[in-house]
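First residue of the sequence shown: 1, per UniProt numbering; consecutive thereafter.
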Amino acid sequence: MSNARAIRGTRGLAVGVLALLTGALILWHGLLPDVGGAASLIETFLPWLGGAILVLGVAAVLRLSLLGGICVAVAAAIWSLTFGPAFLPGMATGATSLTVASENIHAPNSAAGAIAADLAAKNPDVIALQELDAASRTAVAATLGTKYPYSQVVGTVGVWSRIPITGEKKLDLGLGWDRALWVELDTPGTPTRVYAVHLASVRPGQYQQRDTMLANLTATLKADRSPRVVVVGDFNSASTDREFTPLTHVVHEASQSDLGFGFTWPAEFPIARLDHALTRGMTTVTNTVLPDNGSDHRGILVGLR
């Protein structure tokens, strides 16, 4: 019996140590060296550590370990304090004055026209699309041209609007070719500047371009004196990524309208939120992730005032 207790105690200690290490990773992931972009990858999936904590909690119960249970409770509290606010719905109330939809439609994609029609059916004022190619640009323009007569396309990024566009600018954000733009919308009272971006992808050993584009986007937004700014697109960055954090000091992303983190990729079973809608000088009333409609990303829809 004493041997059995000793084994349970050892296993309970292992559960406790793993739980505390998990909690420490959540708290101090910023101290990890970013070798080859590995830290960004780890930080992208930080919210999923809640699943690891749940498994450790079950293990502590099965081993009847008080120490393990206490350590798991500490880790669970750290997770809840860190990610709970983003997981819970947190919208303002009231009517919207501007709605924006955004989606990476995945090139090449023969369903580009159908994806555009699906987004238009949600009746947004503005539709921003990323990863356009020659064929999809033609299909999207044919689908949206009547309902959204104002448009601007730069490289693989495009914006279609029901509201008149009074100005525009293409942006390369340090990539060397244009994969972002802003348009000025003639919204009632005060113009609204909408940025549409598609940042470079992150792969093992290939992350510098994404980081450069994020830094340049942050600098561009700091210098932008527009009173109302909306930034949407595929950032190839999670909100938990250290490289994304400086951007959130310039523009703000609201929580989801529904329970959850609003993961957008991959579309079949989303495990990360790579697509974002951030604002300055506006209030987010609704913020939702749309159902899978034929791309590798899910679209997002925000209502603003």
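Glycine residues also receive a C-beta, built at the ideal position from the N, C-alpha and C atoms.
Q.
Using DSSP's beta-bridge definition, name the partner residues of alanine 277.
A. The residue given as residue 277 occupies position 277 in the sequence shown. Note: alanine 277 sits in a beta bridge opposite Val232.
Q: Could you tell me how far apart the beta carbons of isoleucine 300 and alanine 277 are, in whole angstroms, since I believe they sit closer than 8 Å?
A: Locating residue 300 in the sequence shown gives position 300, where the first residue counts as 1. Locating residue 277 in the sequence shown gives position 277, where the first residue counts as 1. About 6 Å; that satisfies the 8 Å criterion.
Q | Classification of serine 239 by the beta-carbon crowding that lies within 10 angstroms, buried from 16 upward | A | By one-based count along the sequence shown, residue 239 stands at place 239. Serine 239 should be labelled buried.
(Q) Assuming threonine 218 and valine 250 are in contact, meaning their beta carbons sit under 8 Å apart, how far apart are those beta carbons, in whole angstroms? (A) Sequence index remark: in the sequence shown, residue 218 carries index 218 (1-based). Sequence index remark: in the sequence shown, residue 250 carries index 250 (1-based). Right, the Cβ-Cβ distance comes to about 6 Å (below 8 Å), so this counts as a contact.
**Q.** First and last residue of the uninterrupted alpha helix (DSSP H) at glutamate 43
**A.** Counted from its first residue, the sequence shown places residue 43 at position 43. Start and end: 38-44.
**Q.** Endpoints, the alpha helix (DSSP H) within which serine 161 is located
**A.** Working through the sequence shown from its first residue, we reach residue 161 at position 161. Premise fails: serine 161 lies in the beta strand (DSSP E), 157-161, not in any alpha helix (DSSP H).
Q: Assign arginine 193 to buried or exposed, taking buried as 16 or more other Cβ atoms, counted over all protein chains shown, within 10 Å of its Cβ.
A: In the sequence shown, counting from the first residue as 1, residue 193 sits at position 193. Label assigned to arginine 193: buried.
Q: Taking all protein chains shown into account, decide if methionine 1 is buried (16 or more other Cβ within 10 angstroms of its Cβ) or exposed.
A: As a position in the sequence shown, residue 1 is number 1, starting the count at 1. Note that methionine 1 has pLDDT 45, beneath the 50 cutoff, so the model's placement of it is unreliable and the number below is only indicative. Exposed, by the Cβ-count rule.
Q: Using DSSP bridges, identify the partner residues of threonine 286.
A: Position 286 of the sequence shown holds residue 286. DSSP lists Gly303 as partners of threonine 286.
Q. Hey, aspartate 241 and threonine 288 are a contact pair by Cβ (cut 8 Å); roughly how many whole angstroms apart?
A. As a working note, residue 241 is residue 241 in the sequence shown. As a working note, residue 288 is residue 288 in the sequence shown. About 22 Å separates the two Cβ atoms, so there is no contact after all.
Q: Return yes when at least one heavy atom of the ligand NAP lies under 7 Å from the C-beta of aspartate 133, else no.
A: This structure simply doesn't include the ligand NAP, nor any ligand for that matter.
Q) Rounded C-beta distance between leucine 304 and threonine 82? I'm assuming under 8 Å. A) Sequence index remark: in the sequence shown, residue 304 carries index 304 (1-based). Sequence index remark: in the sequence shown, residue 82 carries index 82 (1-based). 27 Å between Cβ atoms; not a contact.
**Q.** Where tryptophan 28 sits in the DSSP three-state scheme
**A.** Position 28 of the sequence shown, counting from 1, holds the residue named residue 28. Here tryptophan 28 sits in helix by DSSP.
Q. Of all the alpha helix (DSSP H) runs that stay within the bounds of the stretch 146-225, which reach a length of 4 or more residues?
A. 208-223
Q.
How far does the beta strand (DSSP E) with alanine 128 in it extend, from its first residue to its last?
A. Within the sequence shown, numbered from 1, the residue matching residue 128 stands at position 128. Segment 126-130, the beta strand (DSSP E) holding alanine 128.
**Q.** Nearest residue (CA-CA) to glycine 233, options Trp265, Ala223, Asp224
**A.** Position 233 of the sequence shown, counted from the start, is the residue given in the question as residue 233. With distances taken between Cα atoms, glycine 233 lies closest to Trp265.
Q: Sort Ala14, Leu247, Thr22 by Cα distance to glycine 68 and report the nearest one.
A: The residue you call residue 68 lines up with position 68 of the sequence shown. That would be Ala14, whose Cα lies nearest to the Cα of glycine 68.
Q | Rounded C-alpha distance that separates leucine 46 from threonine 146 | A | Along the sequence shown, read from residue 1 onward, the residue named residue 46 stands at position 46. Along the sequence shown, read from residue 1 onward, the residue named residue 146 stands at position 146. Leucine 46 and threonine 146 have their C-alpha atoms spaced approximately 43 Å apart.
Q: Could you have a look at threonine 121 and say whether DSSP puts it in helix, strand or coil?
A: Translated into the one-based positions of the sequence shown, residue 121 becomes position 121. Going by the sequence as given, residue 121 is alanine instead of threonine. It is coil, neither helix nor strand.
Q: Kindly indicate which three-state DSSP category threonine 22 falls into: helix, strand or coil?
A: Counted from its first residue, the sequence shown places residue 22 at position 22. Correct three-state label for threonine 22: helix.
Q.
Quick check on threonine 99: does DSSP put it in helix, strand or coil?
A. Position 99 of the sequence shown holds residue 99. DSSP places threonine 99 in strand when its eight states are reduced to three.
Q.
Between the alpha carbons of valine 100 and proline 291, how many angstroms are there, rounded?
A. For this step, residue 100 is matched to residue 100 along the sequence shown. For this step, residue 291 is matched to residue 291 along the sequence shown. If I take the Cα positions, the gap works out to 16 Å.
(Q) Can you find the residues in the same chain that come closer than 8 Å, C-beta to C-beta, to valine 202, ignoring five residues on each side of it along the sequence? (A) One-based indexing of the sequence shown puts residue 202 at position 202. Within the same chain, valine 202 has close Cβ partners Gly37, Ser40, Leu41, Arg210, Asn236, Ser237.
Q.
With a threshold of 8 Å on Cβ separation, who are the neighbours of proline 108 within its own chain once the five nearest residues in sequence on each side are excluded?
A. If you number the sequence shown from 1, residue 108 lands on position 108. The answer, listed in chain order, is Asp133, Ala135, Ser136.
Q. Does DSSP classify proline 291 as helix, strand or coil?
A. Translated into positions along the sequence shown, residue 291 becomes position 291. Coil.
Q) Taking the alpha helix (DSSP H) that valine 72 falls in, what are its first and last residues? A) Against the sequence shown, residue 72 aligns to sequence position 72. Note, valine 72: alpha helix (DSSP H), 66-87.
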